[in-house]
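If you count the sequence shown from 1, you need to add 2 to reach the working numbering.
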Amino acid sequence: MLKSKGKKTITYVGYTNNLKRRIDLHNNSKGAKFTRGRKWKLIYKEVYRTKKEAISREYYIKNNRSLRKKIKNENSNIITV
3 MLKSKGKKTI TYVGYTNNLK RRIDLHNNSK GAKFTRGRKW KLIYKEVYRT KKEAISREYY
63 IKNNRSLRKK IKNENSNIIT V
């Protein structure tokens, strides 16, 4: 999960097999359209063995607003699961 830097913070959830490259793309306005024009900081990550597991978990987190809010509010440092 990424958190935008700035006055109004928002979160972005996605999956990738190269986290550093993906964050660099987002921060250089070359990632997902939603992330363009903002600077992002990693606040939460999970590691899965298969793409299917990762996509399933991404869907769950994206659709669970209370979980996203909890992660956003509790994390000033990176959490790894």
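Yeah, the Cβ is synthetic: ideal placement off N, Cα and C, and Gly gets one too. If you're wondering where the values come from, they're calculated on a predicted model, not measured in any experiment.
For residue i, the residue or residues it bridges with in DSSP
i     : result
Ser6  : Trp42
Tyr14 : Leu4
Assumed close pair residue i, residue j - CB separation to whole angstroms, cut-off 8 Å
i     : j     : result
Ile57 : Val15 : Wrong, their Cβ atoms sit about 11 Å apart, outside the cutoff.
Leu4  : Thr13 : 7 Å
Glu48 : Arg59 : 6 Å
Arg38 : Gly8  : Incorrect: roughly 14 Å between the Cβ atoms, too far for contact.
Extent of the continuous alpha helix (DSSP H) run through residue i
i     : result
Ala56 : Lys53 to Asn65
Lys35 : No alpha helix (DSSP H) holds Lys35; DSSP gives it neither H nor E.
Burial state of residue i (16 or more Cβ within 10 Å)
i     : result
Ser68 : exposed
Arg24 : buried
Tyr46 : buried
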